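Same order as they appear, the protein sequences are chains A and B. Heads up, the first sequence is in full-length UniProt numbering, so the first residue is 1 and it goes up one at a time. Heads up, the second sequence is in full-length UniProt numbering, so the first residue is 1 and it goes up one at a time. Glycine included, C-beta positions come from ideal geometry on N, C-alpha and C. All figures in this text were calculated on a predicted structure; none of them were measured in a lab. I have placed the structure first, in the form of structure tokens, so that the comments after it can refer back to it.
Number of protein chains: 2
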Amino acid sequence: MTTTPVWDIFELRLSGPATGNPYLDVTLEAHFTQRGRSIRVPGFYDGEGQYVLRFMPDTQGEWHYKTRSSLAALEGKVGSFTATTPLKGAHGPVRVANQFHFAHADGKPFLCFGTTCYAWTHQPLELQAQTLNTLTTAGFNKIRMGVFPKDYPFNTNEPLHDVFDVGADGKRDFDRPNPVAFRHFESQIGKLRDLGIEADIIIFHPYDRWGYCDMSAEQDNRYVAYLAARLAAYRNVWWSLANEYDFLLDTKPMERWDRFFHILGENDPYGHLRSIHNGDVRMNYDHTKPWVTHVCIQNWDVKKTPEWRDAYGKPVVNDEPEYEGNIFSAWGNISAQELTHRFWITALRGGYAGHGETFEHPEDIIWWAKGGELYGDAWKRIKFLRELLEQDVKAGLTPLGGTTSWPWSRMSAAEDGDVRYIYFGEHQPAQWTTGLPLDDGDYDVDLIDTWAMTIEPAQRIAPAIPHPTRHGAVVRGGKADAAFGVRLPGRPHLALRVRRRR
Amino acid sequence: MTTTPVWDIFELRLSGPATGNPYLDVTLEAHFTQRGRSIRVPGFYDGEGQYVLRFMPDTQGEWHYKTRSSLAALEGKVGSFTATTPLKGAHGPVRVANQFHFAHADGKPFLCFGTTCYAWTHQPLELQAQTLNTLTTAGFNKIRMGVFPKDYPFNTNEPLHDVFDVGADGKRDFDRPNPVAFRHFESQIGKLRDLGIEADIIIFHPYDRWGYCDMSAEQDNRYVAYLAARLAAYRNVWWSLANEYDFLLDTKPMERWDRFFHILGENDPYGHLRSIHNGDVRMNYDHTKPWVTHVCIQNWDVKKTPEWRDAYGKPVVNDEPEYEGNIFSAWGNISAQELTHRFWITALRGGYAGHGETFEHPEDIIWWAKGGELYGDAWKRIKFLRELLEQDVKAGLTPLGGTTSWPWSRMSAAEDGDVRYIYFGEHQPAQWTTGLPLDDGDYDVDLIDTWAMTIEPAQRIAPAIPHPTRHGAVVRGGKADAAFGVRLPGRPHLALRVRRRR
Numbered sequence: 001m002t003t004t005p006v007w008d009i010f011e012l013r014l015s016g017p018a019t020g021n022p023y024l025d026v027t028l029e030a031h032f033t034q035r036g037r038s039i040r041v042p043g044f045y046d047g048e049g050q051y052v053l054r055f056m057p058d059t060q061g062e063w064h065y066k067t068r069s070s071l072a073a074l075e076g077k078v079g080s081f082t083a084t085t086p087l088k089g090a091h092g093p094v095r096v097a098n099q100f101h102f103a104h105a106d107g108k109p110f111l112c113f114g115t116t117c118y119a120w121t122h123q124p125l126e127l128q129a130q131t132l133n134t135l136t137t138a139g140f141n142k143i144r145m146g147v148f149p150k151d152y153p154f155n156t157n158e159p160l161h162d163v164f165d166v167g168a169d170g171k172r173d174f175d176r177p178n179p180v181a182f183r184h185f186e187s188q189i190g191k192l193r194d195l196g197i198e199a200d201i202i203i204f205h206p207y208d209r210w211g212y213c214d215m216s217a218e219q220d221n222r223y224v225a226y227l228a229a230r231l232a233a234y235r236n237v238w239w240s241l242a243n244e245y246d247f248l249l250d251t252k253p254m255e256r257w258d259r260f261f262h263i264l265g266e267n268d269p270y271g272h273l274r275s276i277h278n279g280d281v282r283m284n285y286d287h288t289k290p291w292v293t294h295v296c297i298q299n300w301d302v303k304k305t306p307e308w309r310d311a312y313g314k315p316v317v318n319d320e321p322e323y324e325g326n327i328f329s330a331w332g333n334i335s336a337q338e339l340t341h342r343f344w345i346t347a348l349r350g351g352y353a354g355h356g357e358t359f360e361h362p363e364d365i366i367w368w369a370k371g372g373e374l375y376g377d378a379w380k381r382i383k384f385l386r387e388l389l390e391q392d393v394k395a396g397l398t399p400l401g402g403t404t405s406w407p408w409s410r411m412s413a414a415e416d417g418d419v420r421y422i423y424f425g426e427h428q429p430a431q432w433t434t435g436l437p438l439d440d441g442d443y444d445v446d447l448i449d450t451w452a453m454t455i456e457p458a459q460r461i462a463p464a465i466p467h468p469t470r471h472g473a474v475v476r477g478g479k480a481d482a483a484f485g486v487r488l489p490g491r492p493h494l495a496l497r498v499r500r501r502r
Numbered sequence: 001m002t003t004t005p006v007w008d009i010f011e012l013r014l015s016g017p018a019t020g021n022p023y024l025d026v027t028l029e030a031h032f033t034q035r036g037r038s039i040r041v042p043g044f045y046d047g048e049g050q051y052v053l054r055f056m057p058d059t060q061g062e063w064h065y066k067t068r069s070s071l072a073a074l075e076g077k078v079g080s081f082t083a084t085t086p087l088k089g090a091h092g093p094v095r096v097a098n099q100f101h102f103a104h105a106d107g108k109p110f111l112c113f114g115t116t117c118y119a120w121t122h123q124p125l126e127l128q129a130q131t132l133n134t135l136t137t138a139g140f141n142k143i144r145m146g147v148f149p150k151d152y153p154f155n156t157n158e159p160l161h162d163v164f165d166v167g168a169d170g171k172r173d174f175d176r177p178n179p180v181a182f183r184h185f186e187s188q189i190g191k192l193r194d195l196g197i198e199a200d201i202i203i204f205h206p207y208d209r210w211g212y213c214d215m216s217a218e219q220d221n222r223y224v225a226y227l228a229a230r231l232a233a234y235r236n237v238w239w240s241l242a243n244e245y246d247f248l249l250d251t252k253p254m255e256r257w258d259r260f261f262h263i264l265g266e267n268d269p270y271g272h273l274r275s276i277h278n279g280d281v282r283m284n285y286d287h288t289k290p291w292v293t294h295v296c297i298q299n300w301d302v303k304k305t306p307e308w309r310d311a312y313g314k315p316v317v318n319d320e321p322e323y324e325g326n327i328f329s330a331w332g333n334i335s336a337q338e339l340t341h342r343f344w345i346t347a348l349r350g351g352y353a354g355h356g357e358t359f360e361h362p363e364d365i366i367w368w369a370k371g372g373e374l375y376g377d378a379w380k381r382i383k384f385l386r387e388l389l390e391q392d393v394k395a396g397l398t399p400l401g402g403t404t405s406w407p408w409s410r411m412s413a414a415e416d417g418d419v420r421y422i423y424f425g426e427h428q429p430a431q432w433t434t435g436l437p438l439d440d441g442d443y444d445v446d447l448i449d450t451w452a453m454t455i456e457p458a459q460r461i462a463p464a465i466p467h468p469t470r471h472g473a474v475v476r477g478g479k480a481d482a483a484f485g486v487r488l489p490g491r492p493h494l495a496l497r498v499r500r501r502r
């Protein structure tokens, strides 16, 4: 019997007629059943008379399927396969876990450290290979990437493939997806999966000269359903309805965005993560809507991360806290120090920041859109942060205090179980006590230089005992607020890690 | 005839009985008249049978006065003096000018660059002399200073003088101000005046172990009126009702703060600037109230400066955007780079930031409270900024765009007449065009390194012409948004100055 590892893809490829327009005319689905469970899986037309069903089993054992189709040739096909133990390194799709965090289906925590290469799959193949090679060691576990090519400053080249067919009249036919383009796209998703990288697939974006922006509502809806049918069986898929959806509101009003979410819900049997990304900071989508799994925003003002957690009650992924680089766009020219700083602030306020790199390049090969090589200095520090947190963070980081609580409105600190981190950022105290353990137990306290990427034991000292202060009739302080303090070198961008010895 | 320069102090000292408690029992005022004008000037008791009236003339020529008093001995005294041309360097009290800015009475722009030494007049005299010596060259033109001594971390020493008399029972008598303390305090205000420094006098604060916090409403009101009578004739006086008034709301509810403003209005004939300073960032006083002349706040989040301008419609003085230092308090341990950065952001968003320095010191002699020496690195850069702006800014800086406008929500820029400044801060573009002149006229464009304090001509290049972008149906860009661009070195904390050649 055919076998497929759990969280891998069982593919059923059926032959049928290639006449007419099967994309419009033919319905195809299958029900995959195991004991009492039945999962409806939509199929799709892959060109040249090929009709495809893809299924990602999530439990081991025998699965049976039966197709249904508007075409007699595809109707009532039955079969079965056995789902086997997952491949090494396969932990299943990423889900929301512990309200504000993520974990793989097998429970492995997923601390999100994403980067952005919007149009990397539309570049020459050599460049795509280089991008994958860079990703192998860069330390990112998520990448934002568009289905459509990009027409934007520094992005003027034609894509490798047309996403929809170009007819004899030279016009794009949005009723005919180009199977070659999609086969390429999904093969790159597969390569990312094999690198352990989540593909945050951007379905729409406004930066277009090919007409993809101007598809009709019906065409948009059909395209979203097609993506779900085609790609949902890849365990590393995340759905991002748009980059900067708000710049498309003139042609795609809000109810259509809501509907796109519904279509994904109807056609993605696995419930992959679903988000939508704003352009203007005032135009966050209402992430409280139940079909949005997590908050995906762009906002440089990362100290607000706890506000977004509070506002939406979901994981916060700030995918554009501005990018490291030197291009003329203000969102793409912050220093490596600043981006590293924003990653630490975001993480220690209970969110997840996203990376991008936008350095001028003689041939406009800029990581944020085309991939290639990384030229900056932030990515190494971000990798260092990821590795540091992955040592100890299990449930996810909960920030100490909110945006107005003392002193964590000014600095950033978070904890998870027995581990606590304090990030001083632009602050440079020569000693520190607040937030350290209340008892003098068995703790390791380490001093972390977030830029030099060093970790060394912090020098313990007596806790600071401030003179009491009187606020009206209320006397405050005059006692230490932790059992001990640490001596610090008095320079910015340092952090502390406090762990109970295990 | 007696002469007094305009904006200097004409003092009338009358002798009377020292029996009873003249502070409570005797009323004294005078009307100073010149042609049709009549100005009511309250007097005060200076101890030892001395009753004093102080008047600051604002116009030249002959002034006549006549006293009124509840004491026959002080009633109906008449006299006159001639107000002569102002002393060199005297420009009169600072007023609000151009809605969001300040100017002296003679029209000289006042670009506010303040520092903070809360309790410097309560320190040993040698230390006070050192503070004045430091201020001579430090480049600040305003200082925040309290009438009362301070009881706070790093501030545990007894003050030089009791502000109110200590009776035979060892208790402070809040019905008897100590003339020695006030004579000393005003002599220091006079020395600041002679250095060209405004004294931002903090009337109340919560950090107290002497009982000043617990005076009755009547005692508070009388004390405020006494300060006005005693100090208002100093041209460099500003009134700051409190440092961190909100921490005193439990004993002094809001209506009392409003009343203090009224009392100042009733007893300060010159209408010196009046403000009140919050502690908690959520507790800004309602600065739209008509008796508040300008916004005085503490808030580290300086990119919000345009929001405060919009909210209150008055000059914004952010006197505590955190301090340079290394003490354990989060408000007092940011780096010099960060404080310099916050000054530039505040200035180029149309506000005025305040300086403070809080470095650990073996004897707790910390500038922010006690004065002494400056140990940090920000003050030099702040002085550089002041000198730079004073070259060209006349009416005051108007920010380009608000907190949400592109790209000035991310970077900071402002203009005044023919001069415009752009501060890139954490941004490091390799070239820049936006905000530069629309015509290719006769401009000097200078590149400023805000940390190295260098000014050099910027290298002009062709303007950036970005590829057009399509937002839905709207095509944007594709053309330069200024007549020329500049090449930049691609590192953070740089600024541009653009001036039309005159």
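{"query": "So Val362/A contacts chain B; which residues on that side make the cut at Cβ distance below 9 Å?", "result": "One point to set straight first is that residue 362/A is Pro, not Val, in the sequence displayed. Correct list: empty, because the minimum Cβ distance to chain B is about 12 Å."}
{"query": "Could you tell me the distance, in whole angstroms, from the CA atom of Glu75/A to the CA atom of Pro177/A?", "result": "23 Å"}
{"query": "At the 8 Å Cβ level, is Asp481/A part of the contact set with chain B, yes or no?", "result": "no"}
{"query": "Check for me: the alpha helix (DSSP H) holding Glu266/A runs from which residue to which?", "result": "Met254 to Asn267"}
{"query": "Tell me, please, whether the CB atom of Ile334/B is closer than 8 Å to any CB atom in chain A?", "result": "yes"}
{"query": "Could you spell out where the beta strand (DSSP E) holding His101/B opens and where it closes?", "result": "His101 to His104"}
{"query": "Measure how close the beta-carbons of Leu24/A and Gly43/A come, nearest whole angstrom, since I'm counting them as under 8 Å.", "result": "That pair is no contact at about 14 Å."}
{"query": "Would His427/A and Pro489/A qualify as a contact pair, given that the criterion is a beta-carbon distance under 8 Å?", "result": "no"}
{"query": "Going by DSSP, which residues form a beta bridge with Met145/A?", "result": "Ile201/A"}
{"query": "Which ranges does the beta strand (DSSP E) cover as unbroken runs of at least 3 residues, wholly within the region 364-427 of chain A, from first to last along the chain?", "result": "412-416 and 419-423"}
{"query": "Please state if the CB of Asn318/B and the CB of Thr293/B are separated by a distance shorter than 8 Å.", "result": "no"}
{"query": "Can you tell which of Glu324/A, Ser335/A and Phe343/A has its C-alpha closest to the C-alpha of Val316/A?", "result": "Phe343/A"}
{"query": "Apart from the five residues just before and just after Lys394/A, which ones in its own chain have a Cβ nearer than 7 Å to its Cβ?", "result": "Pro109, Asp416 and Gly417"}
{"query": "Beta carbon of Phe359/B, beta carbon of Ala233/B: below 8 Å?", "result": "no"}
{"query": "Between which two residues does the alpha helix (DSSP H) containing Ile189/B stretch?", "result": "Pro179 to Asp194"}
{"query": "Which of the residues in the region 394-427 of chain A, read from start to end, lie with their CB under 7 Å from any CB of chain B?", "result": "Thr404, Pro407, Arg410, Met411, Glu426 and His427"}
{"query": "Does any residue of chain A have a CB that is nearer than 8 Å to the CB of Gln431/B?", "result": "yes"}
{"query": "Residues in the same chain with beta-carbon distance under 6 Å from Pro253/B, minus the five sequence neighbours each way, listed in chain order, please.", "result": "none"}
{"query": "So which residues of chain A does Arg470/B contact, with C-beta pairs closer than 8 Å?", "result": "Asp151, Pro206, Tyr207, Asp208, Arg209 and Cys213"}
{"query": "Opposite residue 504/B in the DSSP bridges: which residues?", "result": "Outside the displayed range of chain B (1 to 502) lies residue 504/B, so it cannot be described from this structure."}
{"query": "Run the CB neighbour count on Ser187/B, radius 10 Å, all protein chains shown included, and call it buried at 16 or more, exposed below.", "result": "exposed"}
{"query": "Strictly below 9 Å CB to CB, what residues from chain B border Pro466/A?", "result": "Tyr152, Pro153, Phe154, Phe328 and Ser329"}
{"query": "Kindly list, in the order they appear in chain A, the residues whose Cβ is closer than 7 Å to that of Trp368/B.", "result": "Within chain A, no residue comes near Trp368/B; the closest Cβ sits about 14 Å away, beyond 7 Å."}
{"query": "Helix, strand or coil for Trp238/A per DSSP?", "result": "strand"}
{"query": "Is there a Cβ of chain B sitting closer than 8 Å to that of Trp300/A, yes or no?", "result": "yes"}
{"query": "Buried or exposed: His262/B, going by 16 or more other Cβ atoms within 10 Å of its Cβ?", "result": "exposed"}
{"query": "By alpha-carbon positions, which one of Val224/B, Pro290/B, Cys213/B and Arg230/B ends up nearest to Asp246/B?", "result": "Cys213/B"}
{"query": "Return no unless some Cβ of chain A is closer than 8 Å to the Cβ of Pro42/B.", "result": "no"}
{"query": "Applying the criterion that 16 or more other CB atoms from any shown protein chain within 10 Å of the CB defines a buried residue, is Asp268/B buried or exposed?", "result": "buried"}
{"query": "So, does the region 62-78 of chain B touch the region 367-381 of chain B, judging by three or more C-beta pairs under 8 Å?", "result": "no"}
{"query": "Going by C-alpha distance, which of His277/A, Phe384/A and Ala464/A is nearest Thr454/A?", "result": "Phe384/A"}
{"query": "Against chain A, with Cβ distances strictly below 8 Å, would Phe343/B count as a contact?", "result": "no"}
{"query": "Check the Cβ of Glu11/B against every Cβ in chain A and list those closer than 7 Å, keeping chain order.", "result": "The contacting residues do not exist; Glu11/B stays about 37 Å from chain A at best."}
{"query": "Asn21/A: buried (16+ other C-beta within 10 angstroms of its C-beta) or exposed?", "result": "exposed"}
{"query": "Please report the residue range of the beta strand (DSSP E) in which Asp444/A lies.", "result": "Tyr443 to Asp449"}
{"query": "At a CB-CB cut-off below 9 Å, which residues of chain A make contact with Glu320/B?", "result": "In chain order: nothing, as chain A lies at least about 11 Å away."}
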